[in-house]
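Structure, as structure tokens:
Number of protein chains: 2
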Amino acid sequence: MKMIHSCLRVLDLERSKTFYEEVFELKEYSRHIFDSFTLLYLRHPGLEFELELTANHDREEPYDTGDGYGHLAFVTDDLEAALARYHATGAEEVSIKSLDHQGALLGRFFFATDPDGYKIEVLSREGRFSDF
Amino acid sequence: MKMIHSCLRVLDLERSKTFYEEVFELKEYSRHIFDSFTLLYLRHPGLEFELELTANHDREEPYDTGDGYGHLAFVTDDLEAALARYHATGAEEVSIKSLDHQGALLGRFFFATDPDGYKIEVLSREGRFSDF
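Pasting the structure below:
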């Protein structure tokens, strides 16, 4: 078995696609349009794991993101550049944080919020995440 | 950038770990215990993408899974065996479904529900998902 995608329901497919392209460097890989919903798969070029965005055509009210789903995480060599791209979307300013564990760096990261309110963790390729 | 994990908050780390091991063949890769929370990373041996389970130590009430988060998806060569493993946990019976798009098979799959209520899609390595 293998994990191959994470799915989020979104209100406005084009708004979400633009956000994930501009901040996270994802590209549309395939789109499947059905009567009542559309599935959009985004990938990083050359990589297999996908973000699946589902748009239900008759949905108008915002989705309830609950308090259980945590986040999807990305790793990058340039955390500051990713943060700059995030802020360039007009998002509320967030800052880079670090988490240590047993005296060593576990991770350096920030949390972004996508257009539907889902949290996205962006980690620097350091600490526990240096080998990804 | 690369997607490296999906995080879910869970009430009972050992219950969730057992579920993901038994049904999805994940294994504990690392565990980081902090005062107020524990992070558990699960992987398929030889693969990099992780399921991160977060347990907040003082959390007692069930998490609200909302209606926005969709699912994490797995692919397998043997969908029937995965379904049998899922049913062996005592879960409510579900059936395998297919989705066609433009006259061709898009996917053959079932949806499992994890101990905290999160949906997990299990896809057969067929149709759109034959090359994963």
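Residue numbers (our numbering), protein chains in the order written: chain A, 1 to 132; chain B, 1001 to 1132. Ideal Cβ placement from N, Cα and C applies to all residues, glycine included. Keep in mind that this is a model prediction, so the values were computed, not measured.
Asked: Contact with chain A by LEU1051/B, beta-carbon distance below 9 Å; Found: yes
Asked: In DSSP terms, what THR1065/B is bridged to; Found: Answer is none; THR1065/B lacks a bridge partner.
Asked: Proximity below 9 Å, CB of ASP1064/B to CB of SER1124/B; Found: no
Asked: Short Cβ contact (9 Å threshold) for ARG1009/B with THR1038/B; Found: no
Asked: Under 7 Å (Cβ pairs) to chain A, residues found in the segment 1006-1020 of chain B; Found: SER1006, CYS1007, LEU1008 and ARG1009
Asked: Members of the segment 64-85 of chain A that neighbour chain B once the beta carbon cut-off is set at 8 Å; Found: ASP64, THR65, GLY66, ASP67, GLY68, TYR69, GLY70, HIS71, LEU72, ALA73, PHE74, VAL75, THR76 and ALA82
Asked: N-terminal and C-terminal residue of the beta strand (DSSP E) that GLU121/A is part of; Found: 119-124
Asked: Chain-ordered residues of the segment 34-58 of chain A with a beta carbon less than 8 Å from chain B; Found: PHE34, HIS44, LEU47, GLU48, PHE49, LEU51, GLU52 and THR54
Asked: Residues near PRO1045/B by beta carbon distance below 7 Å, same chain, minus five either side; Found: LYS1027
Asked: Span separating the alpha-carbon of HIS71/A from that of GLN1102/B; Found: 33 Å
Asked: Length at least 3, wholly inside the segment 1032-1090 of chain B: the beta strand (DSSP E) runs in chain order; Found: 1037-1043, 1050-1056 and 1069-1076
Asked: DSSP bridge partner residues for LEU26/A (one or two, in chain order); Found: Answer is none; LEU26/A lacks a bridge partner.
Asked: Simplified DSSP assignment, three categories, for SER1130/B; Found: coil
Asked: Supposed close pair HIS5/A, GLU52/A - CB separation, criterion 8 Å; Found: 5 Å
Asked: Beta carbon of VAL23/A nearer than 9 Å to that of ALA82/A; Found: yes
Asked: Reduced DSSP secondary structure (H/G/I, E/B, other) of SER1016/B; Found: helix
Asked: Through-space distance from PHE1109/B to GLY1127/B, alpha-carbon basis; Found: 11 Å
Asked: Any non-hydrogen atom of the ligand FAD within 8 Å of CYS7/A CB; Found: This structure lacks the ligand FAD; in fact it carries no ligand of any kind.
Asked: Endpoints, beta strand (DSSP E) assigned at SER1098/B; Found: 1097-1101
Asked: Interface positions of the segment 1093-1105 of chain B facing chain A (Cβ-Cβ less than 9 Å), listed along the chain; Found: LEU1099, HIS1101 and GLN1102
Asked: Whole-angstrom C-beta distance between PHE132/A and GLU121/A, which should lie under 8 Å; Found: Contact doesn't hold; Cβ gap of about 13 Å is too wide.
Asked: GLU1025/B beta carbon less than 9 Å from that of MET1/A; Found: yes
Asked: Pick from LYS97/A, PHE129/A and ARG85/A that is closest to ASP114/A, judged by C-alpha positions; Found: ARG85/A
Asked: Residues that DSSP places opposite LEU1105/B in a beta bridge; Found: ASP1100/B
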